[in-house]
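Asks: Protein chains in written order, with my numbering: chain H, 21 to 237; chain G, 41 to 230; chain F, 3 to 467. Beta carbons: idealized from backbone N, C-alpha and C, even for Gly. Bear in mind that the values here come from a model prediction, so they are computed numbers and not experimental data. Sharing a structure, written as structure tokens. Questions coming.
Pasting the structure below:
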């Protein structure tokens with residue numbers, strides 16, 4: 021079996037001489053420099069987030085001024101879930117008792133076969149991305165990655181002051197978002213699960229949630 | 041072979057070398073550099089740089105000199121075929137279309153905009169079935185646009201398309217841009 | 003490769019001609035590639051200057067390749083620091099052995115896979131089935147292809163060559179009731195069928211779109227959610243990493259992450275972008291308990307340092323396939339190996355040593371659309387030309403002698419003029435479609451042009467118009 025040292029030595033060996041240049045289209049050494057410039061209005065991240073998120077098929081079910089109970093009541097009436105799984109994210113504080121009082125059985129996050137029985141997954145979001153309308157999930161604070169994945173409907177609660185303008189703005193500040201180091205799983209979620217594998221026709225809900233609901237807090 | 045042409049062109053003191061075939065202009069302007077880098081002397085490379093700097097593709101040269109004033113009597117439904125080397129290597133974008141439009145011709149957009157005709161030199165005989173299928177798509181798009189004529193600036197593309205159209209029995213006419221401009225100018229004069 | 007669709011033992015012409023004769027295939031491809039073009043244009047329009055982003059990405063990839071040894075070393079350190087187990091494979095066989103050993107250690111009979119072209123390259127499924135494991139492809143397109151016992155014909159949309167009716171017929175083989183041909187209903191059927199497999203799986207296998215060395219993170223860019231399921235539900239996750247799919251920093255990743263989905267499917271971002279750093283942490287309730295990363299060379303290091311080095315910058319977006327006029331006619335299977343289109347026509351002869359592989363670069367008219375579409379600016383057409391040059395240096399003597407004679411003749415003005423007159427006469431005397439070789443191949447589907455009786459030079463001299 022090849023060892024790490026052997027593998028890397030073989031790579032190093034190939035790099036002893038300078039790489040031949042393509043005379044027609046030489047490779048410039050243009051550094052990274054400034055972040056990517058976008059031709060998209062980003063001055064109001066919250067507005068752009070909502071526009072982009074609905075553009076990819078997420079539904080906005082609540083604004084910061086809305087009462088949490090009212091939001092959950094609307095979701096219950098719309099989705100009619102028998103069972104919901106709720107994560108440990110700080111945004112989810114108070115969700116479980118309200119859902120229970122609305123007649124929804126609430127599961128604690130656990131193994132896949134439990135979470136798979138829920139029709140609704142309620143999670144917080146560590147942050148959002150305005151340009152793309154993405155929600156950022158953090159397996160560390162939620163303690164689970166399945167609540168936003170296995171149920172047919174995913175409801176994410178996102179604080180309005182945690183929206184980065186672009187993916188790059190988020191990635192450049194990783195150490196601020198994750199002061200204790202990166203969790204095992206971060207996922208940017210942008211709209212419902214989709215596939216275009218049949219005739220490039222977009223279908224939703226292939227493996228992940230069919231519906232993604234967002235409530236700004 | 042290229043060196044023979046290089047010497048001939050280098051020995052001329054002409055201000056501009058105008059080439060009526062996009063691929064040939066591309067060879068001189070773009071690929072000679074690579075060619076003489078691989079197999080050439082310093083003198084070859086110096087001459088090639090100097091020749092390339094004053095070589096122009098036909099439509100590019102004419103457009104830069106100002107579009108000719110024509111009578112604009114030609115209303116033939118026409119599709120302009122954009123040739124790959126002119127478009128991507130020389131970056132010649134809308135010049136030929138501007139010149140063509142000056143003749144008043146009924147130029148139509150095509151669904152195969154910027155798509156290769158399938159010639160590709162040896163490609164046309166190495167994979168003839170694919171090459172022909174590529175030509176078919178360009179021809180079908182021209183016919184779909186209601187064109188009676190296909191105009192281009194690269195003789196090899198025109199050769200490929202015309203040869204295929206003849207075999208298919210398409211009623212399409214194939215002309216180099218220069219021929220269309222010449223005809224329009226003749227009509228304007230008379 | 004077990005699939006009958008992948009073979010470099012037939013000639014490129016035989017394969018492509020067979021594909022071209024399938025008009026249903028061609029219309030499926032035309033529809034799909036046209037849809038790609040529209041979506042891509044809209045997604046790129048979000049950049050203030052798309053060319054600037056491409057240039058920066060190309061430069062960033064160039065920088066990574068120049069220091070690939072150091073960056074891989076840093077990646078390995080970080081991966082180990084976050085508890086991943088790193089395995090090194092110089093060859094496809096070694097890569098298969100690593101995965102087989104992990105599978106056997108865990109007695110993993112039920113394996114779910116998310117799409118990985120690298121796993122196709124090393125023919126992993128067959129190797130795992132040989133030791134008695136059941137491997138399920140879970141990407142919808144890959145599952146269709148697996149059930150049809152075919153090979154993917156596109157690196158992003160594996161079943162692009164099939165229309166809805168063909169997909170329905172394929173899925174019907176494993177369905178109890180009758181299926182409709184509505185894509186949404188077929189996808190719902192796949193969800194139900196595959197969900198059980200995920201929940202029962204002993205081990206999940208995925209590819210890796212990018213690895214970030216500075217934090218030891220594996221980045222997966224997916225839409226369906228099967229990538230998340232395969233890397234989150236089973237107790238063991240095995241990730242296959244092509245050694246060139248690495249960046250050093252998150253800042254570099256930002257560029258590639260912005261380009262990959264826009265170039266691939268015309269999305270500003272895919273539905274899911276997962277960043278995996280190590281296995282499940284003690285406080286987490288789910289996620290795999292073990293993470294294995296198999297770093298694969300399999301011929302890549304032999305590309306490094308050559309004039310083809312930049313091919314290792316390829317981010318596998320498929321943009322060059324979608325714009326290629328040859329791919330549009332032939333689809334992926336004509337190329338004969340796992341990577342089709344222009345990127346495949348370059349990679350195949352670089353990664354596979356055979357006569358069949360050496361002729362694949364001929365599957366291009368050198369139109370340059372691939373280079374123009376490539377998000378990291380790989381000069382694919384220059385590489386295709388260089389590979390043909392390389393192949394012709396080893397070509398048959400006869401062909402080379404003919405070229406030599408042609409070059410010698412056309413280098414002398416008198417001989418050039420004589421050859422043209424000769425050609426003009428010959429074309430009038432013989433039927434070109436009966437002349438074997440290039441004339442006959444030209445005449446296949448095309449009329450042979452007759453050279454003018456009087457050359458342009460003669461006409462010019464006489465002052466005629």
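For residue 168 of chain H, collect the residues of the same chain with a Cβ closer than 6 angstroms to its Cβ; drop the 5 residues on either side in sequence, then sort them by chain order.
Replies: Looking up residue 168 of chain H in the first chain gives position 148. Around residue 168 of chain H, the same chain offers 141, 143, 157 and 174 as residues with beta carbons nearer than 6 angstroms, after the five sequence neighbours per side are excluded.
Asks: Using beta carbons (cut-off 8 angstroms, strictly below), is residue 119 of chain G in contact with chain H?
Replies: The residue given as residue 119 of chain G occupies position 79 in the second chain. No, no contact with chain H.
Asks: Please name the residues in the stretch 197-211 of chain H whose beta-carbon is closer than 9 angstroms to at least one beta-carbon of chain F, in chain order.
Replies: 201, 202, 203, 204, 205, 206, 207, 208, 209, 210 and 211
Asks: Can you check which of these residues, G/174, G/191 and G/218, is closest to residue 505 of chain F by C-alpha distance?
Replies: No answer is possible for residue 505 of chain F: it lies beyond the span of chain F, which begins at 3 and ends at 467.
Asks: At least one CB of chain G closer than 8 angstroms to the CB of residue 351 of chain F: is that the case?
Replies: Residue 351 of chain F sits at position 349 when you count from the first residue of the third chain. It does not: the Cβ of residue 351 of chain F has no partner Cβ on chain G nearer than 8 angstroms.
Asks: Where does residue 317 of chain F fall in DSSP's three states?
Replies: Residue mapping note: residue 317 of chain F aligns to position 315 of the third chain, counting from 1. Three-state result, residue 317 of chain F: coil.
Asks: By Cβ distance, which residues of its chain are closer than 8 angstroms to residue 77 of chain G, with the 5 residues on each side in sequence left out?
Replies: Walking along the second chain from the start, residue 77 of chain G turns up at place 37. Cβ within range, chain order: 85.
Asks: Give me, in chain order, the residues of the same chain whose beta-carbon lies closer than 8 angstroms to that of residue 273 of chain F; leave out the 5 immediate sequence neighbours on both sides.
Replies: Here residue 273 of chain F is taken as the residue at index 271 of the third chain, counted from 1. Taken in chain order, the residues that qualify are 224, 225, 226 and 227.
Asks: What residues match up with residue 82 of chain H in a beta bridge as DSSP calls it?
Replies: Start at 1 with the first residue of the first chain, and residue 82 of chain H comes out as number 62. The partner list for residue 82 of chain H (beta bridge, DSSP) reads H/235.
Asks: Using a Cβ cut-off of 7 angstroms, which residues of the stretch 65-79 of chain G contact any Cβ in chain H, in chain order?
Replies: 70, 73, 74 and 77
Asks: According to the Cβ coordinates, are residue 169 of chain G and residue 35 of chain F closer than 8 angstroms?
Replies: One-based indexing of the second chain puts residue 169 of chain G at position 129. One-based indexing of the third chain puts residue 35 of chain F at position 33. Contact: no.
Asks: Tell me the DSSP bridge mates of residue 90 of chain F?
Replies: Against the third chain, residue 90 of chain F aligns to sequence position 88. According to the DSSP secondary-structure assignment, residue 90 of chain F is paired through a beta bridge with F/297.
Asks: Checking the sheet assignment: what are the DSSP bridge partners for residue 221 of chain F?
Replies: Translated into the one-based positions of the third chain, residue 221 of chain F becomes position 219. BP columns for residue 221 of chain F point to F/212 and F/277.
Asks: I'd like to know whether the C-beta of residue 43 of chain H is nearer than 8 angstroms to at least one C-beta of chain G.
Replies: Start at 1 with the first residue of the first chain, and residue 43 of chain H comes out as number 23. Interface residue, yes.
Asks: Just curious, the alpha helix (DSSP H) that residue 203 of chain G is in, first and last residue?
Replies: In the second chain, the residue the question calls residue 203 of chain G occupies position 163. Here the alpha helix (DSSP H) through residue 203 of chain G covers 195-208.
Asks: Terminal residues of the continuous beta strand (DSSP E) containing residue 154 of chain H?
Replies: Here residue 154 of chain H refers to the residue found at position 134 of the first chain. That run of the beta strand (DSSP E) goes 154-158.
Asks: Indicate whether the contact test is met: 3 or more Cβ pairs, each with one atom in the stretch 341-357 of chain F and one in the stretch 321-328 of chain F, closer than 8 angstroms.
Replies: yes
Asks: Determine the extent of the beta strand (DSSP E) in which residue 141 of chain H is found, giving its start and end residues.
Replies: Numbered from its first residue, the first chain carries residue 141 of chain H at position 121. Counting along the chain, the beta strand (DSSP E) containing residue 141 of chain H begins and ends at 140-144.
Asks: Using 8 angstroms as the threshold, is the stretch 205-213 of chain H in touch with the stretch 146-164 of chain H, meaning 3 or more CB pairs across them?
Replies: yes
Asks: Give me the chain F residues within the contact set of residue 186 of chain G, using Cβ-Cβ distance strictly less than 7 angstroms, ordered along the chain.
Replies: Reading the second chain from its first residue, position 146 is the one you call residue 186 of chain G. Simply none; closest approach about 20 angstroms.
Asks: At least one CB of chain F closer than 8 angstroms to the CB of residue 206 of chain G: is that the case?
Replies: Taking the second chain and counting its residues from 1, the one referred to as residue 206 of chain G is at position 166. True, the Cβ-Cβ gap to chain F drops below 8 angstroms.
Asks: If we call anything under 8 angstroms between Cβ atoms a contact, is residue 144 of chain G one with residue 115 of chain G?
Replies: Locating residue 144 of chain G in the second chain gives position 104, counting from the first residue. Locating residue 115 of chain G in the second chain gives position 75, counting from the first residue. Yes. Within cutoff.
Asks: Go ahead and pull the three-state DSSP assignment for residue 127 of chain F.
Replies: If you number the third chain from 1, residue 127 of chain F lands on position 125. Of the three classes helix, strand and coil, the one that applies to residue 127 of chain F here is helix, per DSSP.
Asks: How big is the Cα-Cα spacing for residue 220 of chain G and residue 32 of chain F?
Replies: Within the second chain, the letter at position 180 stands for residue 220 of chain G. Within the third chain, the letter at position 30 stands for residue 32 of chain F. Using only the alpha carbons, I get a separation of about 32 angstroms.
Asks: Which full runs of the alpha helix (DSSP H) of 4+ residues lie inside the stretch 95-127 of chain F, going along the chain?
Replies: Whole alpha helix (DSSP H) segments, 4+ residues: 119-123.
Asks: What in chain G is Cβ-close to residue 324 of chain F, meaning under 7 angstroms?
Replies: For the purposes of this step, residue 324 of chain F is taken as the residue at position 322 of the third chain. Within 7 angstroms Cβ-Cβ: nothing; residue 324 of chain F doesn't reach chain G, min ~12 angstroms.
Asks: Step through the CB atoms of chain H and report whether any lies within less than 8 angstroms of the CB of residue 279 of chain F.
Replies: For this step, residue 279 of chain F is matched to residue 277 along the third chain. By this cut-off, residue 279 of chain F is an interface position.
Asks: Closer than 8 angstroms is the cut-off here; do at least three beta carbon pairs connect the stretch 49-59 of chain F with the stretch 252-272 of chain F?
Replies: yes
Asks: Which stretch, first to last residue, makes up the alpha helix (DSSP H) that contains residue 311 of chain F?
Replies: As a first step, residue 311 of chain F must be located in the third chain, where it is residue number 309. Element bounds for residue 311 of chain F: n/a, residue is neither H nor E.
Asks: Can you list the residues of chain F that residue 44 of chain G reaches, using a CB-CB cut of under 9 angstroms?
Replies: To locate residue 44 of chain G, count along the second chain from 1; it is residue 4. Neighbours of residue 44 of chain G on chain F, chain order: 412, 413, 414, 415 and 418.
Asks: By the DSSP assignment, the beta strand (DSSP E) with residue 284 of chain F in it spans what residues?
Replies: Working through the third chain from its first residue, we reach residue 284 of chain F at position 282. Careful: residue 284 of chain F lies outside any beta strand (DSSP E) and carries neither H nor E.
Asks: Can you look up residue 341 of chain F in the DSSP assignment and give me helix, strand or coil?
Replies: Mapped onto the third chain, residue 341 of chain F falls at position 339. Reduced to three states, the DSSP call for residue 341 of chain F is coil.
Asks: Could you name the residues of chain F that residue 151 of chain H contacts, counting a contact when the two beta carbons are closer than 9 angstroms?
Replies: Residue numbering aside, residue 151 of chain H sits at position 131 when the first chain is read from its first letter. The answer, in chain order, is 48, 270 and 271.
Asks: Short check: CB of residue 207 of chain F to CB of residue 115 of chain F, under 8 angstroms?
Replies: Here the question's residue 207 of chain F lines up with position 205 in the third chain. Here the question's residue 115 of chain F lines up with position 113 in the third chain. Yes, the Cβ-Cβ distance between residue 207 of chain F and residue 115 of chain F is below 8 angstroms.
Asks: Just how far apart, CA to CA, sit residue 437 of chain F and residue 424 of chain F?
Replies: Mapped onto the third chain, residue 437 of chain F falls at position 435. Mapped onto the third chain, residue 424 of chain F falls at position 422. Distance between the alpha carbons of residue 437 of chain F and residue 424 of chain F is about 15 angstroms.
Asks: Cβ of residue 22 of chain F less than 8 angstroms from any chain G Cβ?
Replies: By 1-based counting over the third chain, the position of residue 22 of chain F is 20. For residue 22 of chain F, the answer is yes, since a Cβ of chain G falls inside 8 angstroms of its Cβ.
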